[in-house]
Amino acid sequence: TQKEQFEPALTELRMIPLDAEEYENALILQVRILRFLERTDQAVELLEKAVQDPETRSPDMYVMLAALYQLQDRTDLGRSTFDRAMLAFPDNEDLLYEYGIFLDTAGRRDEAVSIMEELIRRQPEHGEALNYVGYTWADKSINLDRALEYIEKAVRLKPDNGYIMDSLGWVYYRLGRNQEALEALLQAVRLSPDDPTIWEHLGDVYLALGRDDEALENYRKSIGMLGEDSEAGSALEKKVKLLENRKPK
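So in the numbering used here, the last spot in the sequence shown is 794, and the numbers never skip.
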């Protein structure tokens, strides 16, 4: 595979028997090769066959299969794949989290929040799920007190996670607690300096504090990471131009 000799690699991988310790890793590598070769239908067929066998199937196989269906714009099949996965592995909480992320990427955020809330009910210390729900509420400016409670708990569980610290800054901003938002977001960019969303959030807080020059500086950093031609970068560029135009000449 490393030498890009993909057909011989697939031939070798197919020879690994179902009862071998390396079987699951071999199957996953086959799927990755087939995706790279744009033979997605074959990858789907391979995984569908694998998840039929109770002796060999795993949660990760279902997650990969759902992702392939999503890649093919067959979101409903992806959802039904997660339904099958949770019947096969009813106590696997990682599946619930992956299902929530799947729904989010499919644009079904309200349903994703419901799945994440179910995960929190089962596992109250799941930092990523707490962060997802809290940030989603903050982004919509709803349930802000509960959003803060969830995110503060997530920060306690994962204090070195820049994305969760960004969520804390964002909910402070939505609550109008801009100085606290600034402190949280400055810490977030130290932890995750390559995330353009955090730099944009920091710009929004500087703008709310009346520090326009610093807001512009952070917006430009975000655009530099996104690229002006990207949808998000283009939208942010418009924000920058509006801010530049209101500055005194």
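Idealized CB from N, CA, C, for every residue including glycine.
### Message
If you measure between the beta carbons of LEU641 and LEU664, is that distance less than 9 Å?
### Response
yes
### Task
Mark MET698 as exposed unless 16 or more other C-beta atoms lie within 10 angstroms of its C-beta, in which case mark it buried.
Position check: residue 698 holds Lys in this sequence, whereas Met was assumed. Burial call: buried.
#### Entry: Buried or exposed by the 16-neighbour rule on C-beta atoms within 10 Å, applied to PRO562
exposed
### Query
So, do the segment 594 to 609 and the segment 563 to 579 have three or more beta carbon pairs nearer to each other than 8 Å?
yes
### Query
First and last residue of the alpha helix (DSSP H) that includes THR620?
620 to 633
### Query
Where do the ends of the alpha helix (DSSP H) carrying ALA588 lie?
585 to 596
### Task
Please say whether LEU730 and TRP715 have beta carbons closer to each other than 9 Å?
yes
### Task
For the alpha helix (DSSP H) holding GLY778, just list the boundary residues, first then last.
776 to 791
### Own chain, CB closer than 8 Å to LEU771, minus 5 neighbours either side, in chain order
PRO741, ALA777, GLY778, LEU781
### Task
May I ask which residues mark the beginning and end of the alpha helix (DSSP H) holding GLN547?
Neither: GLN547 is in no alpha helix (DSSP H) and is coded neither H nor E.
#### Entry: Anticipated Cβ contact below 8 Å, ARG719 with ALA683, distance rounded
5 Å
### Message
With distance defined between alpha-carbon atoms, name the residue in GLU583, VAL596, PHE634 nearest to GLY617.
### Response
Here the sequence assigns Gln to residue 617, which means Gly is not the residue at that position. Taking only the C-alpha atoms, the option nearest GLN617 is GLU583.
#### Entry: Coarse secondary structure for LYS703, derived from DSSP in three states
coil
#### Entry: Straight-line gap, GLU545 to GLU662 (C-alpha atoms, nearest Å)
For the chain, the structure presents residues 546 to 794; residue 545 sits outside this window and is missing.
### Terminal residues of the alpha helix (DSSP H) in which GLU566 lies
Where GLU566 is concerned, there is no enclosing alpha helix (DSSP H), given that its DSSP letter is neither H nor E.
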